[in-house]
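Residues in the sequence shown are numbered consecutively from 1, following the working numbering. Just so it is clear, CB atoms sit at the ideal spot from N, CA and C, and this is done for glycine as well.
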Amino acid sequence: MIHLIQKYWLHITLLLLVSITTLSLWPAASLPDVPGTDKIHHFIAYAALMLPTALRQPKHWSLITFVFLTFSGAIELIQPYVNRYGEWLDMAANAFGLVCGFILAKLIVFFTDTIIRETS
């Protein structure tokens with residue numbers, strides 16, 4: 001499974017970017033009464049976005065991470081124009097998701113390598 005993600009990381013990442021963009025900018029029929037209730041969605045989306053890149057670690061992966069964070073900020077700036085809340089705390093949740101996605105990828109690689117070594 002990890003090898004498939006590493007092989008198709010770019011395709012998966014682009015699909016996730018399109019999904020995040022669509023879901024983030026789709027005009028909302030109405031705004032929630034309490035802004036800020038969607039932080040967990042932001043966290044999960046950006047952790048998922050980082051995971052394939054962190055597993056693959058392409059040559060310029062740190063630049064890609066910066067692009068993800070910049071993309072996150074751009075989405076937050078655009079959201080008020082499509083009847084959504086644009087919040088800096090959303091961007092913080094996105095950044096935290098990126099960091100946790102990176103850590104999760106490192107843990108997956110570590111434990112996978114450990115299991116492979118022990119079974120060899």
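Boundaries of the alpha helix (DSSP H) harbouring K7: 2-7, taken from the DSSP string.
Bounds of the alpha helix (DSSP H) holding E118 are 88-119. Sixteen is the threshold: when 16 or more other Cβ atoms of the shown chains lie within 10 Å of the Cβ of H42, as they do, the residue is buried.
DSSP places W61 inside the alpha helix (DSSP H), whose first and last residues are 61-78. Rounded to whole angstroms, the gap between the alpha carbons of T65 and A48 is 13 Å. In this chain, the alpha helix (DSSP H) harbouring R56 covers 39-56. S19 sits in a helix when the DSSP states are folded into three classes. The residues F43, Y46, A47, in chain order, have a CB closer than 6 Å to that of G97 in the same chain once the five nearest residues on each side in sequence are set aside.
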